[in-house]
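Visitor: Whatever position you read off the sequence shown (first residue = 1), add 424 for this note's numbering.
Beta carbons: idealized from backbone N, C-alpha and C, even for Gly.
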Amino acid sequence: MKPMNRGREDFGLLNYKNKSIYIIGGYIRGFFKDGETKEVLEYELESQTVKYAPELNVARSWPSVQVIKCKLFAFGGLMEGDGKLNSMEILDLKAQAPAWELLQ
Numbered sequence: 425m426k427p428m429n430r431g432r433e434d435f436g437l438l439n440y441k442n443k444s445i446y447i448i449g450g451y452i453r454g455f456f457k458d459g460e461t462k463e464v465l466e467y468e469l470e471s472q473t474v475k476y477a478p479e480l481n482v483a484r485s486w487p488s489v490q491v492i493k494c495k496l497f498a499f500g501g502l503m504e505g506d507g508k509l510n511s512m513e514i515l516d517l518k519a520q521a522p523a524w525e526l527l528q
């Protein structure tokens, strides 16, 4: 199994159809800066590889996440300096060019 590109904590995690695990947002501690991330990673179970998925619009740690049919949902969470987030984002995995849609 290949590791993630960088260690992270406080992320959202969900299973998509027993084929992929999505790691959504979170908090990354870096050499120069710590903070929330917009990164979304997909871990493909069959190939045991990690790849980048479309990024969130808003960096967030501790998001609540859910999958319904072919859509991923990320709700709320935290952003350092801004506190609790009240936004929600949706990613349609069946879209021709998947991108997170921000709902306020």
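(1) According to the neighbour-count rule (16 or more other Cβ atoms, all chains shown, within 10 Å of its Cβ), is Glu513 buried or exposed?
(2) Going by the beta-carbon positions, is the gap between Ala483 and Glu466 smaller than 8 Å?
(3) Assuming the contact rule is C-beta atoms closer than 8 Å, Glu532 and Glu479 should be a hit. Round their C-beta distance to whole Å, please.
(4) Provide the residue span of the beta strand (DSSP E) that contains Ala498, from first to last.
(5) So, with DSSP's three-state summary, where would you put Thr461?
(6) List the DSSP bridge partners of Ala477.
(7) Based on the DSSP output, what are the partners of Val491 in its beta bridges?
(8) Return the chain-ordered list of same chain residues with a C-beta closer than 7 Å to the C-beta of Glu504, the five sequence neighbours on each side being excluded.
(9) Report the residue from Leu496, Gln520, Ala519, Ile452 whose alpha carbon sits nearest the alpha carbon of Leu437.
Guide: Taking the definition as stated:
(1) When all chains shown are included, Glu513 counts as buried.
(2) no
(3) Here the chain covers residues 425 to 528 and nothing more, so residue 532 does not appear.
(4) 495-499
(5) coil
(6) Val464
(7) Leu496
(8) Gly459, Glu460
(9) Leu496
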